[in-house]
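Engineer: Let me begin by handing over the structure; questions about it come next.
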Amino acid sequence: MAEVNMEQLLNCALCPNLCRCECPVLQATGREAVAPAGKARIASLANEGKLYWDEVMLEAAINCLACRGCTIHCPFPELNLCDELLYSRLPAREQGVNLPSVEPYLNNLRKYSSPYGQKAGALVTENQPGEKAGGQKVLFFNGCTSLANHPGSIEAARSVLVRAGVSFQMIEEDCCGYPAQVWGDEDMVRQLAEENRRKFKDSGAELLVTSCPECWLTFSERYPNLGQELPLEIVDGPTYFLGLIKEGRLEPVEKSVTEAPGPKVVSYHDPCIWARTAEKTAEPREILGAIPGLEIKEPYASGARTRCCGGGSMFQLAFPGTASAVAGRRLQEVPADAVLVTACPFCREGLLQGDKPVWELIEVLDRFFK
Amino acid sequence: MAQDMRTILQESKVDRAAVDRYAAGAQKIVGEHRVSARQADLLSASRDYWPVNSIWMREGVFPALPQLVVWPESTAEVSELLALANREKIPVTPYGEGSGALGGVIPLKGGITIDLKRMNKIRALDEKNLLVTVESGLNGALYEEKLNRAGYTGGHFPQSLRCSTVGGWLSCRAAGQFSTRYGKIEDMAVCLEAVLPDGTVFSGRSVPRTATGPRADHLLLGSEGTLGIITSATLRIWPLPEKRHLATYTFERLEEGLEAIRLFMRAGTRPAVVRLYDGQETGNHFPELGDKRCALILLIEGNTRIVDAEAQVIEDCVRLKGAESAGAEYVEHWLEKRFDVSVASILFQKGAVLDTIEVTTNWHNAHSTYLAMQEALLGVEGTMLASGHYSHVYPEGAALYVTAVGFPGEDKIGYYKKLWQAAMPACHQKGAAFSHHHGVGLHRGLWMADEHGPGLDVLKKIKTALDPQGIMNPGKLGLEEVRTWRK
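Chains as they are written, first to last, in my numbering: chain Z, 1142 to 1511; chain P, 261 to 747.
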């Protein structure tokens, strides 16, 4: 089991929290118990046996979107509160303390390898590349949330990859294990890691491309921590697709903005993990910037200072009310005349409130590139 | 089953049946989801940033616990919640972001904590009259951010900017780091809207000044939740400055720096930031300057021509007192680090007790107060360091900030009390005032009689008139004796 760094956890617990203004859960709910230091205090007291885990304490300590917004102003460079809370909570499940709202989703995960239940069929694809073929053999990983909620983005990815002549396959996916990690079932994370490792190896692919930041984080950080190094290179979607553009395998369609229906002005919402962990803020903007005639307007907080959509840490399943409130606050920071674009299925889900569309970056590529 | 949570300062609790009745009533007012008796919420509302709370936290004990936490979203809801508490005689503690440094939000008698963070809207931005009306629960950094996006500044930058609320500022007469130009929060507050314990809502008028008797709404400034709850305020704002001028000077002696500041304030300049550090703090904050000289950092901002003129006048004054120029980079460094309080967490984990005590002096006793307080703090066994800086200045004097760090061993609470028992009389003997902007809370209440003399009785009479049941934040502001916390 991962060990908690008590010194860092206490640094937060004892701090007045310069990060409070950037904690989306605190600002949306007003609850002291879910302030960064509030959670750190509960976790540190539980770690030291001065409190014990019960449903009430767990509910507070799990109220973290893992957006790392708290790192923006944090004076402790070594502190990763999201991870410390994650590790601190692990004993709770071992002691039989669970969050009832997530149990149905964990049961789905056990039964179907997806928190959303039975997976949609007809995903498996293998592309025989045409004359533009080249580069590594790719395994494209969509992630459970796109599979369950937005098959359009999968079709878009398939279409773009075929158009670019990529030798790729999509396989019958199992969950990466991120939800199980957040909800404290580390055994399940291990099982899924082993299964995915086997499947990826069997695929013969050399490069794993994932459009989901949570999957990317799990594959590239959590799996190695669990001793499950993957047998192929991992790359995030924005970097990979920008590479295809730079190689000339995808080209923007001339006058596609001015002379065809569709968005003329877009605003890119940086997903937390792409922006703050993977540091991929330039790539999506380069892709959008390559489209002639498309105007890009930044939301108020962007790049590494992005603010959460409410979708991190599976919040839309565990705490739908808070997720919705966080998304509502974020939407106020987006220019009113712009179509929102993002590169994360959770962000899309979270920000899809009312009748305003939210485009995935892959859908923009599908619409504006040939 | 509820967890056993031991408290140290709990004077009493409200009868369970009365709390249950209140909870049922509160749920009708604000809805079920904005009333909580969950222990995670209760323990989190039990404390603020008073160093003593950190000592107790590490021991796994709590200062005192509320029995319910409620989150209103409107003045009307606050009014109903207070009226209900008044009828049931249930204590009420208002809560913002918990950055107070003196235990002001500890619910000594249990009851209800009213957390105001969901009252976080800007109600009106009046650009013509340079006013903003803002609800009291809005986070300070988010308040400034909203103003900046519209082209304005609130001019209020306490070190707690990112972890405090507008209502918290007003309740303890807070000061920002730019206060020499923009004033303390009471200078910015044109009028307040507040709710009295019986549910009465009242507000002042948002006109520049009045001469129609004492301002009833201004009574709530600095009242720290003991008279009622501030629900919104109309504050002065400023257009974002055209120009910012940064300068650092050093002096051989602290007195010379103080005299230079007195001269440029007397000449009518109003730089936003004026901070003069003793040698020890100069060395801590700006190692390149060493600890032999005293650093003065200045930030002047506003209209370009006015800024240029002020910079020239200030330059003339500091040169008269032997200043050496050290460049702008130290102010830039300070701007970058000015909200960083990480040293407290780090030192605390190494066994230290650290606290800062801020007082106000006139010019004639500005230096002698520093010397007296430093000597008093160093005289307490276990003290390793006692240093100081002047953080806010006025034509008539300055705020002095003294920091003490000690390694007292096991009896941290005893050491903490000794620090204050040494520092407060030293401050009093020099004629300085006991607080500039941290307020009173629980702990400084121990010296309120020394500070106010007969004036404290006036405050007690006002308290009795407005809060006859004594439900509002009991035990704070030195208005009543607290059995569980004595000198």
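Backbone N, C-alpha and C define an ideal beta-carbon position, used for all residues, glycine too.
(1) Whole angstroms is fine: what's the gap from Z:Gln1111's alpha carbon to Z:Cys1450's?
(2) I want to verify the contact list: residues of chain Z whose CB lies under 7 angstroms from the CB of P:Cys423, in sequence order.
(3) Who are the Cβ neighbours of P:Ala588 in its own chain at under 8 angstroms, not counting the five residues just before and after it?
(4) Chain Z beta carbons: is any one of them nearer than 8 angstroms to that of P:Val601?
(5) Which bits of chain P does Z:Arg1182 rub up against, with CB to CB less than 7 angstroms?
(6) Between which two residues does the alpha helix (DSSP H) holding P:Asp386 run?
(7) Between the beta-carbon of P:Ala300 and the beta-carbon of Z:Val1197, is there less than 8 angstroms?
(8) State buried or exposed for Z:Ser1229, treating a residue as buried only when at least 16 other CB atoms are found within 10 Å of its CB.
(9) How would you write the range of the alpha helix (DSSP H) that Z:Tyr1319 sits in, first residue to last?
(10) Under a Cβ-count criterion, where at least 16 other Cβ atoms within 10 Å of its own Cβ denotes burial, should Z:His1291 be classed as buried or exposed?
(11) Under 6 angstroms Cβ to Cβ from P:Asn733, same chain only, skipping five residues before and after it: list those, please.
(12) Out of curiosity, what's the CA-to-CA distance linking P:Arg746 and P:Gln270?
(13) Less than 8 angstroms between the C-beta atoms of P:Tyr309 and P:Ser272, yes or no?
(14) Below 8 angstroms on the Cβ atoms is my guess for Z:Ala1201 versus Z:Ile1213; work out the distance and round it to an integer in Å.
(15) Quick test of the definition: if touching needs 3 or more C-beta pairs under 8 angstroms, does the stretch 1207-1226 of chain Z touch the stretch 1245-1253 of chain Z?
(16) Tell me which residues of the stretch 1213-1230 of chain Z have at least one Cβ-Cβ distance to chain P shorter than 9 angstroms, keeping chain order.
(17) How far does the beta strand (DSSP E) with Z:Ala1334 in it extend, from its first residue to its last?
(18) For chain A, find out if any of its Cβ atoms is closer than 8 angstroms to the Cβ of Z:Arg1172; answer yes or no.
(19) Which class does Z:Thr1286 belong to by DSSP, given the choice of helix, strand or coil?
(20) May I ask you to list the residues that DSSP assigns as paired with P:His649?
(21) When you compare the CB of Z:Ala1154 with every CB in chain P, is at least one pair closer than 8 angstroms?
(22) Which one of P:Ala632, P:Asp717, P:Leu679, P:Ser651 has the shortest CA to CA distance from P:Met644?
(23) Would you please verify whether the beta carbon of Z:Ala1263 is less than 8 angstroms from any beta carbon of chain P?
(24) Please look up how many angstroms separate the CB atoms of P:Cys554 and P:Gly517, rounded, as I've assumed it's under 8 angstroms.
(25) Whose C-alpha, out of P:Leu328, P:Arg318, P:Ser306, P:Thr267, is nearest the C-alpha of P:Ala283?
(26) Using a beta-carbon distance cut-off of less than 9 angstroms, what residues from the stretch 386-410 of chain P approach chain Z?
(27) According to the Cβ coordinates, are P:Gly459 and P:Ser339 closer than 8 angstroms?
(28) At what residues does the beta strand (DSSP E) containing Z:Val1499 begin and finish?
(29) If P:Ser651 sits next to P:Lys690, beta carbons under 8 angstroms apart, how far is it from one beta carbon to the other, in whole angstroms?
(30) Residue range of the beta strand (DSSP E) that P:Gly503 falls in?
(31) Would you mind telling me which residues of chain P sit closer than 7 angstroms to Z:Lys1191, beta carbon to beta carbon, in chain order?
(32) Helix or strand or just coil, what does DSSP make of P:Pro354?
(33) Taking 7 angstroms as the limit between beta carbons, can you name the residues of its chain near P:Ser424, skipping five residues before and five after?
(34) So for Z:Ser1408, helix, strand or coil by DSSP?
(35) Tell me P:Ser787's beta-bridge partners as DSSP assigns them.
(36) Following the continuous alpha helix (DSSP H) through P:Gln609, name the residue where it begins and the one where it ends.
Structural biologist: According to the structure shown:
(1) Since the displayed chain Z opens at 1142 and closes at 1511, residue 1111 of chain Z lies outside it and no answer follows.
(2) Pro1157, Asn1158, Leu1159, Arg1161
(3) Leu506, Ala507, Thr508
(4) yes
(5) Met317
(6) Segment 382-386 is the beta strand (DSSP E) holding P:Asp386; no alpha helix (DSSP H) there.
(7) yes
(8) buried
(9) Per DSSP, the unbroken alpha helix (DSSP H) holding Z:Tyr1319 starts and ends at 1319-1323.
(10) With 16 or more Cβ atoms within 10 Å of its Cβ, Z:His1291 is classed as buried.
(11) Thr353, Gly485, Thr486
(12) 13 angstroms
(13) Not a contact, by the Cβ cut-off of 8 angstroms.
(14) About 22 angstroms separates the two Cβ atoms, so there is no contact after all.
(15) No: fewer than three Cβ pairs fall under 8 angstroms.
(16) Of all residues in the stretch 1213-1230 of chain Z, only His1214, Cys1215, Pro1216, Phe1217 come within less than 9 angstroms of chain P when Cβ atoms are compared, listed by chain position.
(17) Judged by DSSP secondary structure, Z:Ala1334 falls outside any beta strand (DSSP E) and instead within the alpha helix (DSSP H) spanning 1327-1344.
(18) The structure shown contains no chain A; its protein chains are Z and P.
(19) DSSP places Z:Thr1286 in helix when its eight states are reduced to three.
(20) P:Tyr537, P:Tyr661
(21) yes
(22) P:Leu679
(23) Because the pLDDT of Z:Ala1263 is 48, which lies under 50, any placement of that residue in the model is unreliable, and the question is left without a value.
(24) 5 angstroms
(25) Taking each of P:Leu328, P:Arg318, P:Ser306, P:Thr267 in turn and checking the Cα distance to P:Ala283, the smallest one comes out for P:Leu328.
(26) Listed by position, the residues of the stretch 386-410 of chain P near chain Z (Cβ gap below 9 angstroms) are Gly397, Asn399, Gly400, Ala401, Leu402, Glu405, Arg409.
(27) yes
(28) 1499-1501
(29) By a beta-carbon distance limit of 8 angstroms, P:Ser651 does not contact P:Lys690. Their separation comes to about 17 angstroms.
(30) The displayed chain sequence assigns Lys, not Gly, to residue 503 of chain P. Element bounds for P:Lys503: 503-511.
(31) Gly320
(32) strand
(33) Gly356, Glu357, Ser359, Gly400, Pro418
(34) strand
(35) The structure shown does not extend to residue 787 of chain P, since chain P is modelled only from 261 through 747, so no value can be given for it.
(36) Residues 602-609.
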